[in-house]
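In UniProt numbering, the protein residues as written are 1 to 695.
Below you'll find the structure, written out as structure tokens, and then a few comments.
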């Protein structure tokens, strides 16, 4: 007996050697971590839920389900006999009525009637937002019960297995090849701790590498020559600095706060997530979905440490592959019997034709396969329903707060805030989240079509983004103050404007406008302003009666291929106060110096309205590539007449641009003071609430 006891002690796994006191302390730590992620309220008492109204399928088993449970028990006994060192399978837990149910029958494929729920991202986002995360009672063992998705949706809470079954049901209903996974993950993933992760909103898209020039005959320029002696001296200095830094580190005791502590149960923490195989719904690559966050993960992600089993609404598979390196080397070919042990033989599996066997042997094999095959019974779970009100208001606590590394994300339901705010992201300079760097806000259903606002707390720069359809055709508005003639940048939807204006920058002394797709090839106009008359300002004259004097107007044009280069203007400058007009023409391919024409004011001659005085003294022209017909005075006289008329029109356009900017400020002030939210004609519940509020 003593020898037998010694053998049993030697066969104990590290999990069995963990003391109960340690597990109790660990559960306490996990509960504290979960409370920091969700809230400080007490745990929900599942034993007090009312099950009297549930259908009979929740409380009893049909003969098919009883037969399935017998097959599951037989499969479980074979598994424990062949794999005594592995953990018990999560195969037939109890439901909310205390009845054993096979896990595959708990999956109820459902397609909800909402556009976003047809895609995996919409399903995952709804599940992680609608449900409140509850940690497992014991972090190293799966739960003893698995409730129906209808009960989980009713009380809006559950553990990782409840999240996974609901998400898998929605994904299968949407046409994805999805499976529930019982496995192991890191402490951060199991406890929904994202404080060490970068917020998905802050992740930069992957850079597309530039393709190398396939031309093998291109010139290869020599590298810059470097002194070998200087490189050796630089390497010696780096080695000396590294050695001194190491000595200082040994002398000083540095406490690393940001580095996470080592988890004593690393590799043993049970977790459940969703596996989506490639193929259906044009999924190009197999991937995981963490139901707690709704994020997409690669199958090689180091956060997933191993898989015990997977299942869907049709079958159950046990992983027979080595998971000592996590999931990165696993094969997800479920038809490979060496990698995955299937519980129920699939009758629709393509049969292999015998080569040289008798008909009698073939008949016996067919009879044996028919006897082994078993059709999975229908799910015992009632139809999953989500009302429009529940879909539009997924947060049971009013809002959801997620803490990331140096960031905090807050989410609200639509119409929860009077200004239409649905999400706010606050970026901090430190991990303790004390110094705010930037705040981003997202809006929905606003009549002014504002959908995003960015506020830089260091520069106080505010940037607002609008959807198409604003009465002023606004696309973006960047400013620090809504006071007139302060620095701001306004972007427009230029395809809806007649003048093709897509951006305008303005401050107290200048205004720059950018154009796209104009017939006259104008792409930029820059205006400089002078100071107002101080006497009129002191007299209390309004800004409209005392406008800023226009000092200079510059216009830049793209090349017009239908005109000769010496007739196609590239830049023209109107010096309004100095009464100077300067033209610069485009260059031909073989030209090196551009043609120029300058019209100056005659010194000592009084300027009169509607009078043009042209002489060789006030005209400077340099047109080396032009023909003789372009150099006569008659042509210059006609050109000056046109420029005088255009200068007058330009001054009026500048005044119109100033008035438009003032109108934008007035409209935006009114829109922010009287925020209105639009209600869809299909949202009957919201329209009833709006009608009741008006009455």
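Think of the CB as a built atom: it goes at the ideal place given N, C-alpha and C, for glycine as much as any other residue.
Computed from a predicted model, the values in this text were never measured in an experiment.
Rounded C-alpha distance that separates residue i from residue j
i, j, result
"residue 570", "residue 449", "38 Å"
"residue 238", "residue 410", "46 Å"
"residue 595", "residue 502", "30 Å"
"residue 732", "residue 492", "Residue numbering for the chain in the displayed model covers 1 to 695; residue 732 lies beyond these limits and cannot be assessed."
"residue 651", "residue 500", "18 Å"
"residue 438", "residue 482", "20 Å"
"residue 519", "residue 579", "28 Å"
"residue 494", "residue 504", "11 Å"
"residue 270", "residue 310", "14 Å"
"residue 674", "residue 507", "27 Å"
"residue 546", "residue 662", "15 Å"
"residue 369", "residue 681", "Any reading at residue 369 must be qualified, since the residue scores a pLDDT of 45, below 50, and its modelled position is unreliable; no value is offered."
"residue 419", "residue 412", "12 Å"
"residue 323", "residue 329", "8 Å"
"residue 568", "residue 227", "52 Å"
"residue 488", "residue 429", "26 Å"
"residue 392", "residue 414", "6 Å"
"residue 354", "residue 336", "The predicted model places residue 354 with a pLDDT of 37, which falls under 50 and marks its position as unreliable; any figure quoted below should be read in that light. The straight-line gap from Cα to Cα measures roughly 20 Å."
"residue 645", "residue 566", "22 Å"
"residue 263", "residue 88", "23 Å"
Exposed unless 16 or more other CB atoms sit within 10 angstroms - verdict on residue i
i, result
"residue 379", "buried"
"residue 279", "exposed"
"residue 331", "exposed"
"residue 312", "buried"
"residue 173", "buried"
"residue 47", "exposed"
"residue 529", "buried"
"residue 588", "exposed"
"residue 496", "exposed"
"residue 427", "buried"
"residue 273", "buried"
"residue 120", "buried"
"residue 603", "Reliability fails at residue 603, whose pLDDT of 47 lies under 50, so the model's placement of it is uncertain and no value is given."
"residue 637", "exposed"
"residue 527", "buried"
"residue 298", "exposed"
"residue 525", "buried"
"residue 678", "exposed"
"residue 515", "buried"
Option nearest residue i by Cα separation, candidates the options
i, options, result
"residue 266", "184, 404 and 485", "184"
"residue 56", "382, 636 and 441", "382"
"residue 549", "491, 577 and 457", "577"
"residue 188", "404, 132, 328 and 489", "404"
"residue 301", "669, 523, 287 and 412", "287"
"residue 102", "263, 224, 60 and 677", "60"
"residue 473", "99, 135 and 664", "664"
"residue 417", "444, 429, 394 and 396", "444"
"residue 308", "140, 297, 475 and 676", "140"
"residue 96", "193, 138 and 51", "51"
"residue 653", "513, 108 and 636", "513"
"residue 468", "447, 134 and 150", "447"
"residue 193", "169, 343, 204 and 135", "135"
"residue 151", "58, 119 and 509", "58"
"residue 73", "124, 430, 93 and 123", "93"
"residue 159", "182, 64, 123 and 386", "182"
"residue 126", "84, 169 and 89", "169"
"residue 171", "124, 155 and 144", "124"
"residue 106", "666, 90 and 118", "90"
"residue 157", "146, 131, 230 and 655", "131"
"residue 517", "44, 436 and 498", "498"
Nearest-angstrom Cβ-Cβ length linking residue i and residue j, presumed shorter than 8 Å
i, j, result
"residue 317", "residue 305", "The Cβ separation is near 19 Å, so there is no contact."
"residue 190", "residue 164", "13 Å between Cβ atoms; not a contact."
"residue 425", "residue 201", "5 Å"
"residue 389", "residue 408", "With a Cβ gap of about 28 Å, residue 389 and residue 408 do not count as contacting."
"residue 451", "residue 470", "With a Cβ gap of about 11 Å, residue 451 and residue 470 do not count as contacting."
"residue 725", "residue 574", "No statement about residue 725 is possible, as the shown extent of the chain runs from 1 to 695 and does not include it."
"residue 384", "residue 108", "6 Å"
"residue 276", "residue 178", "5 Å"
"residue 315", "residue 343", "6 Å"
"residue 377", "residue 671", "Going by Cβ atoms, the distance from residue 377 to residue 671 rounds to 58 Å, so no, they are not a contact pair."
Residue i CB to nearest heavy atom of the ligand COA below 7 Å
i, result
"residue 296", "Absence of the ligand COA is noted for the structure shown, with no ligands found whatsoever."
Next on the checklist: I'd like the ranges of any beta strand (DSSP E) spanning at least 3 consecutive residues and lying wholly in the stretch 484-512.
Outcome noted: 488-492 and 501-506
Item to check | Every unbroken beta strand (DSSP E) inside the stretch 398-451 [3 residues or more] | outcome: Qualifying beta strand (DSSP E) stretches, in chain order: 399-404, 407-412, 421-428 and 436-443.
Next on the checklist: My parser needs the beta strand (DSSP E) runs of 3 or more residues fully inside the UniProt domain "CEP76/DRC7 peptidase-like" (270-343); what are they?
Outcome noted: Counting only runs of 3 or more, we get 270-276, 287-290, 295-298, 304-311, 316-319 and 340-342.
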